[in-house]
Structures are given as structure tokens and as C-alpha cells.
Amino acid sequence: MPNTEASSDSLSADEQWLHVVAAVILSEDERQILLARRPQNKHQGGKWEFPGGKVESCESVTIALQRELDEELGINATLEQMSQYIEVHHRYPDINIFLDVWVVKGFAGTPYGKEGQEIRWFSKQELLELEFPAANAPILNKLLA
1 MPNTEASSDS
11 LSADEQWLHV
21 VAAVILSEDE
31 RQILLARRPQ
41 NKHQGGKWEF
51 PGGKVESCES
61 VTIALQRELD
71 EELGINATLE
81 QMSQYIEVHH
91 RYPDINIFLD
101 VWVVKGFAGT
111 PYGKEGQEIR
121 WFSKQELLEL
131 EFPAANAPIL
141 NKLLA
């Protein structure tokens with residue numbers, strides 16, 4: 001059975017899932033995507049990822065996304081600049097991840113690695129050469145389709 005699913009049809013009710021929000025942040029001309037490199041000492045360290053983080057129990061997904069964009073990148077996006085993109089459920093050997101992925105088209109501020117992480121803009125073609133966590137495969141497949 002594959003360990004990545006774009007829908008929740010075959011998910012068990014008794015499984016624990018970590019709810020994570022992630023952003024596909026597009027450049028102004030929508031030709032590049034902003035990525036962050038995971039710290040070496042973290043799960044999936046050294047791999048590139050779509051910026052985001054855990055959704056806290058008291059937060060809506062959009063509030064969590066706005067908070068994470070500010071905490072990680074120092075940017076602010078309004079609800080009008082965000083749209084839902086894809087939901088991904090992925091089972092790693094040590095953790096189950098529910099990725100709630102949104103596209104961000106426009107934001108205020110200049111992004112930088114606020115937590116010391118490397119960030120960089122990439123073209124869609126360059127994404128093919130990067131190493132991502134396995135949970136990101138459905139996101140990449142949709143972006144590159």
C-alpha cells in the first residue's frame with residue numbers, strides 16, 4: 001500500500017496525524033516558487049520544503065499559515081492572497097503527516113530565513129533537481145503537471 005495519499009478515503013480513524021500547513025509561494029510573475037531548506041538536525045533535515053509548520057489546536061488553517069509565514073519568512077499574506085491547493089496524507093515510519101497546502105499569490109514584506117534557514121526562489125524546472133521529503137511528492141506532481 002502506498003504511504004502517500006492525496007485523499008483521506010483509506011485513512012483509519014484511530015491513527016494519529018500531525019496537521020501541518022504548507023505554502024506554495026509564487027513570485028510576482030508566478031514563474032518561481034519560494035522554498036526553504038530544512039535544518040540538518042530536524043526530521044528530513046537538509047531537504048527542501050514548502051514553508052509552513054504545525055497547526056496549533058486553537059487555530060484555523062489560514063491563521064496557522066499566516067503565523068508560519070511571519071515566523072519563518074517575515075512576510076504577511078491576506079486571505080485574498082491565499083487559496084487551498086491540495087491535501088496530502090503521508091505515513092513516515094515514525095510519524096503520520098496531514099499536509100494542508102495553500103498557494104500564496106502575493107504578500108507584504110521581503111522574505112528571509114527568519115529562523116536561520118536557507119531560502120531560495122526556484123523555477124518549476126529546477127524543482128526536478130532538488131531533494132524533498134517524500135510527503136511533498138503529490139504537491140510536486142500537481143505543480144509540474
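Going letter by letter, the sequence shown gives residues 1 to 145 in full-length UniProt numbering.
Glycine included, every Cβ here is placed at the ideal spot set by N, Cα and C.
DSSP, read as helix, strand or coil, puts residue 77 in coil.
For residue 47, the CB contacts under 6 Å within the same chain, skipping 5 residues up- and downstream, are 38, 131, 132 and 133 in chain order. Cβ atoms of residue 50 and residue 24 come within 8 Å of each other, at about 6 Å. Boundaries of the beta strand (DSSP E) harbouring residue 32: 32-37, taken from the DSSP string. In this structure, residue 22 sits near residue 52, with a CB-CB distance shorter than 8 Å.
Shown here, residue 54 sits in a strand according to DSSP, grouped into three states. Nearest to residue 30 by C-alpha distance, out of 71, 97, 55 and 107, is 107. Going by beta carbons, residue 26 and residue 103 fall inside the 8 Å limit. In this structure, 32 is the residue among 32, 20 and 95 with its C-alpha nearest to the C-alpha of residue 121. Residue 139 sits close to residue 86, with the two beta carbons spaced by under 8 Å. When the beta-carbon positions are compared, residue 73 and residue 105 stay at least 8 Å from each other. In this structure, residue 62 sits near residue 79, with a CB-CB distance shorter than 8 Å. For residue 139, the enclosing alpha helix (DSSP H) starts and ends at 137-144.
Residue 83 and residue 118 have their C-alpha atoms spaced approximately 25 Å apart.
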